[in-house]
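Chemist:
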Amino acid sequence: MAGWPQRLGSYELVQLVGRGSFAEVYLGRHVHLGTIAAVNLIKVSVERWEDFEQFKQETQLIAEQRHPHIVRLLEFGFEGRRPLLVLDYAPGGRYASGIRGGRGWS
């Protein structure tokens, strides 16, 4: 596991599952519950209090969303100054790849 953290928040990192311009995404296992989640370490750091408050408000809005086709936000926090989002793990690829591949979403 050289080159990336072994634990973020309450999650032990199992493997890197994706890396993009916005975040690094790890498959994580909760250290106490054993549940699996997608741990997203955002690449942009929060430097000012105003930015932290805006991030917190936007994250709270995401957490309120309930829909069968939207992954749930399980936890958020910071690793240093970098935001950390923990979401339900949805194996099988990204939503956009499903559309391009001609699979339907019901």
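Per full-length UniProt numbering, the sequence shown starts with residue 1, numbered consecutively.
For every residue, glycine included, the Cβ atom is placed at its ideal position computed from N, Cα and C.
These numbers were taken from a predicted model, which means no experiment stands behind them.
Where do the N-terminal and C-terminal ends of the beta strand (DSSP E) with Gln15 fall, by residue?
Modeler: Mapped onto the sequence shown, residue 15 falls at position 15. Run containing Gln15: Tyr11 to Arg19, per the beta strand (DSSP E) assignment.
Chemist: So what does DSSP say about Leu61, is it helix, strand or coil?
Modeler: For the purposes of this step, residue 61 is taken as residue 61 along the sequence shown, with counting starting at 1. Three-state result, Leu61: helix.
Chemist: According to DSSP, is Glu75 helix, strand or coil?
Modeler: Along the sequence shown, one-based indexing puts residue 75 at 75. It is a strand residue.
Chemist: Closer than 6 Å: is that where the CB of Gly20 sits relative to any heavy atom of the ligand COA?
Modeler: For the structure depicted, the ligand COA is absent and the ligand set is empty, with no information on it obtainable.
Chemist: Is the separation between the beta-carbon of Val86 and that of Ala37 shorter than 7 Å?
Modeler: On the sequence shown, residue 86 is found 86 positions in, with the first residue counted as 1. On the sequence shown, residue 37 is found 37 positions in, with the first residue counted as 1. Result yes, Cβ atoms of Val86 and Ala37 sit closer than 7 Å.
Chemist: Do Arg81 and Ser45 count as a contact pair if the criterion is CB distance below 7 Å?
Modeler: Counting from one through the sequence shown, the residue named residue 45 turns up at place 45. Counting from one through the sequence shown, the residue named residue 81 turns up at place 81. Yes.
Chemist: Just to confirm before moving on: does the CB-CB distance between Arg29 and Val17 stay below 7 Å?
Modeler: Taking the first residue of the sequence shown as 1, we reach residue 29 at position 29. Taking the first residue of the sequence shown as 1, we reach residue 17 at position 17. Contact: no.
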